[in-house]
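K.L.:
The structure's right below; bear with me while I get my questions together.
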Amino acid sequence: MLEGKSGSAAVFGEDLALLPTSTAAAPDEKPCAADASGATLAPVKRKRRSRVMEYFTGLDVSVDETAICVVGDDGKVAFETAVETDPAAIAEALRPYADRMRRVGHEAGSLSPWLHTELLAEGVPAVCLETRHVRAALSAQRNKTDANDALGIAHIMRTGWFRQAHVKTDACYRIRLLLVQRRNLKRKFLDLENAIRHSLKVFGIRLGKVGRGAMEKAVREAVAGDALTAGLMDCMLRARAALWAEYLTLHKLVVQIAMRDELCRRFMAIPGVGPVTALSFSSAIDDPQRFRRSRNVAAYFGLTSKRWQSGTSIDVHGRISKAGDPDVRRALYEAASAMLTRFKGRDMIKTWGLKLAKTKCHAKARIAVARKLAIVMHAMWRDGTFYVGDPDASAQDIDASNAAKLQRLSLANS
1021 MLEGKSGSAA
1031 VFGEDLALLP
1041 TSTAAAPDEK
1051 PCAADASGAT
1061 LAPVKRKRRS
1071 RVMEYFTGLD
1081 VSVDETAICV
1091 VGDDGKVAFE
1101 TAVETDPAAI
1111 AEALRPYADR
1121 MRRVGHEAGS
1131 LSPWLHTELL
1141 AEGVPAVCLE
1151 TRHVRAALSA
1161 QRNKTDANDA
1171 LGIAHIMRTG
1181 WFRQAHVKTD
1191 ACYRIRLLLV
1201 QRRNLKRKFL
1211 DLENAIRHSL
1221 KVFGIRLGKV
1231 GRGAMEKAVR
1241 EAVAGDALTA
1251 GLMDCMLRAR
1261 AALWAEYLTL
1271 HKLVVQIAMR
1281 DELCRRFMAI
1291 PGVGPVTALS
1301 FSSAIDDPQR
1311 FRRSRNVAAY
1321 FGLTSKRWQS
1331 GTSIDVHGRI
1341 SKAGDPDVRR
1351 ALYEAASAML
1361 TRFKGRDMIK
1371 TWGLKLAKTK
1381 CHAKARIAVA
1391 RKLAIVMHAM
1401 WRDGTFYVGD
1411 PDASAQDIDA
1421 SNAAKLQRLS
1431 LANS
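FYI, in this note's numbering the residues of the sequence shown are 1021 to 1434.
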């Protein structure tokens, strides 16, 4: 008598004849089949399909040379080299793996807009990575070398644990270049002006509150009795005048571009928003559809608070993160400050901000209004709508107010 392992009923000898005599087919064989006459056909062996290896590449880009590392989807290094930082040279080095190349990652940097565009034109599946995520992943490495960084980026590509950085269009980068150079000239001008004021204090000369146009005359009168000091100040004043003239040239160009752009004109209908804020915001976003919600734009520019939460005992909301472009964040903050202090008309956002300033403080109210402006401007861009700050105002009054603001900008720029 045989007993089943699962506690089933006993099987006696006479019952063995009733059991099926066919055996199970091998894993690689199909079960035997019978033809029309009833004859049994031979089993057919099934061929195993060979898996196609996919490859992932990491690029560590420097000014002169780029380290390349190619790994397979099994994590093993397939190819390592270093070539000149040139899209054609990089594409040529990756050509043997082009058919099975899944992703080619490179960290965002000063060369990434040009390199990314050219690599895509060469047919390379390039991905631009956010620097914060790459830095966090590569910090686990013990030795910091270009080859190790390329290997780490390749593994980031293989695992898929990365955040892709948006590469803007050439037009956006040209606008941003204009804004950056305008800002640099203004900073150099202010540095030179402050240096003149500070150097004269050694001789007891305090200029006090002197306007920008009257400063040169005040300095020359103050040092008229000292030939050496007058000669030194003359050089500084001529350099100051040259910087101011070039700054005004770039500023006029900023105003002209903003006045010709329909989107910027809609942005400038918001109280406090001028040409610099409108162009800074539009060139930083580039494509409004890449944000699923308008609220995400405020976090993108670092206008939302940081959070530190662990377990049930720690949940801290800190200050704003200050992530993203500091120039756009500064422009939005200045626009919010102008709306709350300089604008004298009625506006829903201004009313809300002033109420917040009474309960919190004026600095927090400015941040909140700047965050609200970023959300509203993105929604206007995405939906193609116009700004209406006072719901009780008529359409004629709104158009007249916007036209007057544009007229003031044109007169100031002439």
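Ideal placement from N, C-alpha and C gives every residue a C-beta, glycine not left out.
Less than 8 Å between C-beta atoms, sequence neighbours within five positions excluded: which residues of the same chain meet that for Trp1075?
P.N.:
The question names Trp, but residue 1075 is Tyr in the sequence shown. Counting only Cβ-Cβ distances below 8 Å, and skipping sequence neighbours, we find Val1090, Val1091, Gly1092, Asp1093, Ala1098, Tyr1117, Arg1120, Met1121 and Arg1122.
K.L.:
Helix, strand or coil for His1186? Go by DSSP, reduced to three states.
P.N.:
Coil.
K.L.:
Between which two residues does the alpha helix (DSSP H) containing Tyr1117 stretch?
P.N.:
Premise fails: Tyr1117 is in no alpha helix (DSSP H) and is neither H nor E.
K.L.:
Compute the Euclidean distance between the alpha carbons of Phe1019 and Val1348, then round it to the nearest angstrom.
P.N.:
This structure cannot settle anything about residue 1019, because the visible part of the chain is limited to 1021 through 1434.
K.L.:
For Leu1079, which residues does DSSP report across the bridge?
P.N.:
Partner(s): Ile1088 and His1126.
K.L.:
Buried or exposed: where does Val1296 fall if 16 or more other Cβ atoms within 10 Å of its Cβ makes it buried?
P.N.:
Counting Cβ neighbours within 10 Å, Val1296 comes out buried, since at least 16 surround it.
K.L.:
Just mark Gly1180 as buried or exposed, buried being the case when its beta carbon has 16 or more other beta carbons within 10 Å.
P.N.:
With fewer than 16 Cβ atoms within 10 Å of its Cβ, Gly1180 is classed as exposed.
K.L.:
Between which two residues does the beta strand (DSSP E) carrying Cys1381 extend?
P.N.:
Where Cys1381 is concerned, there is no enclosing beta strand (DSSP E), given that its DSSP letter is neither H nor E.
K.L.:
Secondary structure at Lys1425, three-state DSSP: helix, strand or coil?
P.N.:
Residue state, collapsed to three classes: helix.
K.L.:
Take Lys1206 as the anchor and find which of Lys1380, Ile1290, Met1253 and Leu1263 has the nearest alpha-carbon.
P.N.:
Among Lys1380, Ile1290, Met1253 and Leu1263, the Cα nearest to that of Lys1206 belongs to Leu1263.
K.L.:
Helix or strand or just coil, what does DSSP make of Val1293?
P.N.:
Note: Val1293 maps to coil in three-state DSSP.
K.L.:
Under the rule that 16 or more other beta-carbon atoms within 10 Å means buried, what is Ile1334, buried or exposed?
P.N.:
Counting Cβ neighbours within 10 Å, Ile1334 comes out exposed, since fewer than 16 surround it.
K.L.:
In this structure, how does DSSP classify Cys1255 when only helix, strand and coil are distinguished?
P.N.:
Helix.
K.L.:
Cutting at 6 Å between CB atoms, please list the residues of its own chain near Lys1326, excluding the five before and the five after it.
P.N.:
Answer for Lys1326: Gly1338 and Ser1341, listed in chain order.
K.L.:
Taking contact to mean at least 3 C-beta pairs separated by less than 8 Å, is the stretch 1211-1225 in contact with the stretch 1126-1138?
P.N.:
The stretch 1211-1225 is not in contact with the stretch 1126-1138.
K.L.:
Can you give the Cα-Cα distance for Ala1199 and Lys1272, rounded to whole angstroms?
P.N.:
Going by the sequence as given, residue 1199 is Leu instead of Ala. Taking the straight line from one Cα to the other gives about 11 Å.
K.L.:
Name the DSSP bridge partner or partners of Glu1104?
P.N.:
Note: Glu1104 sits in a beta bridge opposite Glu1085.
K.L.:
Taking Cβ positions, are Ala1398 and Phe1311 nearer each other than 8 Å?
P.N.:
Here residue 1398 is His; the residue named in the question, Ala, does not match the sequence. Contact: yes.
K.L.:
Put Ser1341 into one of helix, strand or coil per three-state DSSP.
P.N.:
Reduced to three states, the DSSP call for Ser1341 is coil.
K.L.:
Trp1134 lies in the alpha helix (DSSP H); which residues open and close that run?
P.N.:
Note, Trp1134: alpha helix (DSSP H), Ser1132 to Ala1141.
K.L.:
I'd like to confirm the pairing. Which residues does DSSP put opposite Trp1328 in its beta bridges?
P.N.:
DSSP, once it has assigned bridges, lists Val1336 as partnering Trp1328.
K.L.:
Would you grab the beta carbon distance between Leu1114 and Val1147 for me? Rounded to a whole angstrom, and I think it's under 8 Å.
P.N.:
The Cβ separation is near 14 Å, so there is no contact.
K.L.:
Using a Cβ-Cβ cutoff of less than 8 Å, which residues in the same chain neighbour Phe1363 once the five nearest sequence positions on both sides are dropped?
P.N.:
Closer than 8 Å at Cβ, skipping near neighbours: Pro1291, Gly1292 and Lys1370.
K.L.:
Measure the CB-CB distance between Glu994 and Glu1085 and report whether it falls below 8 Å.
P.N.:
Nothing can be reported for residue 994, as the shown portion of the chain is limited to 1021 through 1434.
K.L.:
Can you pull the DSSP bridge partners for Phe1099?
P.N.:
DSSP, once it has assigned bridges, lists Val1090 as partnering Phe1099.
K.L.:
Within the same chain, show all residues whose beta-carbon is closer than 7 Å to that of Tyr1193, passing over the 5 residues directly before and after it, in chain order.
P.N.:
Taken in chain order, the residues that qualify are Pro1133.
K.L.:
Does the beta-carbon distance from Arg1285 to Met1400 come in below 8 Å?
P.N.:
Taking 8 Å as the Cβ cut-off, Arg1285 and Met1400 do not qualify as a contacting pair.
K.L.:
From Ala1141 to Ala1355, what distance separates their C-alpha atoms?
P.N.:
Ala1141 and Ala1355: Cα-Cα distance of roughly 40 Å.
K.L.:
Locate the beta strand (DSSP E) running through Val1147, then write down its first and last residues.
P.N.:
Its beta strand (DSSP E) spans residues Ala1146 to Leu1149.
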